[in-house]
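Scroll down for the structure; my scribbles are underneath it.
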Amino acid sequence: MYLDKYLEKKGKNSGVIAFLAGLDHIQKISKEVADSIVQELKDQRSYLKMIASENYSSLAVQLAMGNLFTDKYSEGIPKKRFYAGCDNVDTVESLAIEEAKKIFGVDHVYVQPHSGADANMVAYWAIIIQKVQNRELEKFNKKLEELTDKEYEKIRELLINQKIMGMALSSGGHLTHGYRHNISSKMMISHSYEVDPKSCMLDYKKIQEKVKKEKPLILLAGYSSYPRLINFAKMKEIADSVKAVFMVDMAHFAGLVAGKVMKGEYNPVGYADIITSTTHKTLRGPRGGIILCTEEFKDVIDKGCPLVLGGPMPHVIAAKAIAFKEANSKEFCDYASNIVKNAVALAEKLKSLGAKIITDGTDNHLLLVDVNKSFGITGRQAEKALREAHITVNRNTIPLDENGPWYTSGIRIGTPAVTTLGMKEEQMKELGEIIFEILKNTRSIIKNGKKSKAEVEVDKNALEKGKDRIAQLLKEFPLYPEIII
Ligand code: DSN
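Taking my numbering, I'd label the letters of the sequence shown as residues 127 to 611.
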């Protein structure tokens, strides 16, 4: 039994005891599931996590998720529910809302979205309802349920003909920002803006021109792999020039906003009408989404269920409340500031060794390395080689990528998780060296006389050396050291 073994060896840490006792209980139903959880911990302990969108949440966050809130339906909002018996859900949901309001300095927060994609979907539809449906209803001078089928159809056609403009996926935008294969480009007409092909940075003048031409209902800022700051004051000005709603998806950098690293015009609060986010990236909470909004949108946003969502997940909302409380601290601000310092140190080290970094550096938690130009391999090959050396990163397209989205020419490296482990700039220099050495010693395999875009061979000596150095770092900065398993 996991718990007995721990108590024999170590002593008492309530979080660890709860976790291990939970495993013992799960094991009685399914040994495979319990073993997989343990194996995941072992894997995460032996591979260094440098995926920009991942982190390590606290044991308190993880434990808050595993309880009988799982069993509760709670459609509606605190104190205004469609189900009976929601008193305790009301308490945790109100706590999550209040904590989020404090960390972001806003008046309204909706904590029910199940993910970032769900948060975006709620936000899009809330904007369309507020700006199109409500305007049309005023013209009819009727409520939605009073419209005839014909009248409703006329409005419905308008609803699905609105325009969105976000950053192109190929420039670092997200799938849900109007990508052809995502519902966002099917429910709306999508026109994307791109980064400047030379600097790979946003060109506000060009965005302004495109916005003027297309006049979108929604101008969206935010990204999944853009290593620079966005000037939200400028973007708001551009949105205002065509009366577009200005929306920001801060999923990647919410922790940097909460941690007061992104300030002034680089903090979307006060500029954006609606801000969406995930809660599990730099914010270090459970997997989920949130929406912050201005007074104008609060009623429609709060009706995210039934507009888009199903029943809320109060167990995840309880964990959001814990994570937001953790983020509301000086320690979290130091953490956020270290994430950026670490990313800058890593980018500088890789650059000094000769790697090509997209935009020549970073201002946030991530960097993009052009592995095609730097090492003559694809992103997929770089991802594979680094994983063999026990470093987990993900391949990523770079602007004007000649290898397409499957193989790609880049890798995206993030520092949120290694910073949670306590690593600082010194370790980033060490990591920069290890990453560079592995990639420098990675070759494409030749198959049928053709260079493979996926298979690689990493020089054995370099690989063993790299793996040893990673193992040493992980020993110095262990994950959940209090858990003995
Ligand atoms: N998959 C996340 C990322 O890696 O950026 C966003 O959805």
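For each residue, glycine too, the CB sits at the ideal point set by N, CA and C.
Can the beta-carbon of residue i be found closer than 8 Å to that of residue j?
| i | j | result |
| --- | --- | --- |
| residue 219 | residue 440 | yes |
| residue 303 | residue 314 | no |
| residue 564 | residue 597 | no |
| residue 390 | residue 462 | no |
| residue 416 | residue 541 | no |
| residue 609 | residue 145 | yes |
| residue 377 | residue 348 | yes |
| residue 285 | residue 254 | yes |
| residue 589 | residue 543 | no |
| residue 305 | residue 311 | yes |
| residue 484 | residue 353 | yes |
| residue 127 | residue 161 | no |
| residue 195 | residue 164 | no |
| residue 364 | residue 337 | yes |
| residue 298 | residue 241 | no |
| residue 181 | residue 546 | yes |
| residue 230 | residue 383 | yes |
| residue 355 | residue 392 | yes |
| residue 605 | residue 170 | yes |
| residue 234 | residue 418 | yes |
| residue 488 | residue 296 | no |
| residue 281 | residue 262 | yes |
| residue 341 | residue 368 | yes |
| residue 562 | residue 479 | yes |
| residue 248 | residue 434 | yes |
State the DSSP-derived secondary structure class of residue i, mapped to helix, strand or coil.
| i | result |
| --- | --- |
| residue 327 | coil |
| residue 493 | strand |
| residue 168 | helix |
| residue 381 | helix |
| residue 460 | helix |
| residue 606 | coil |
| residue 347 | strand |
| residue 356 | coil |
| residue 439 | coil |
| residue 486 | helix |
| residue 376 | coil |
| residue 265 | helix |
| residue 232 | coil |
| residue 576 | strand |
| residue 595 | helix |
| residue 182 | coil |
| residue 548 | coil |
| residue 152 | helix |
| residue 530 | helix |
| residue 128 | helix |
| residue 296 | helix |
| residue 337 | helix |
| residue 254 | helix |
| residue 397 | coil |
Quick one: measure Cβ to Cβ for residue i and residue j, integer angstroms, because I've assumed they're closer than 8 Å.
| i | j | result |
| --- | --- | --- |
| residue 468 | residue 549 | 7 Å |
| residue 555 | residue 471 | 6 Å |
| residue 423 | residue 252 | 6 Å |
| residue 431 | residue 259 | Between residue 259 and residue 431 the Cβ distance is about 17 Å, and since that is not below 8 Å, they are no contact. |
| residue 177 | residue 520 | 5 Å |
| residue 402 | residue 246 | 5 Å |
| residue 330 | residue 360 | 5 Å |
Any idea which residues DSSP pairs residue i with across the strands?
| i | result |
| --- | --- |
| residue 403 | 416 |
| residue 570 | 582 |
| residue 174 | 517 |
| residue 364 | Residue 364 pairs with nothing; no bridge assigned. |
| residue 316 | 290 |
| residue 538 | 494 and 520 |
| residue 202 | 207 |
| residue 388 | Residue 388 pairs with nothing; no bridge assigned. |
| residue 321 | 328 |
| residue 371 | 344 |
Would the region 362–378 and the region 502–509 be scored as touching if the rule is three or more Cβ pairs under 8 Å? no
Touching by the beta-carbon criterion (3+ pairs, under 8 Å), the region 527–543 and the region 587–597: no
Does the region 175–193 come into contact with the region 400–415, if we say contact requires no fewer than three beta-carbon pairs (one atom in each stretch) closer than 8 Å? yes
Under 8 Å: do the region 486–500 and the region 259–276 share three or more Cβ pairs, one atom per stretch? no
Are three or more beta carbon pairs between the region 392–408 and the region 203–219 nearer than 8 Å? no
Is there contact between the region 444–458 and the region 224–233, where contact requires at least three CB pairs shorter than 8 Å? yes
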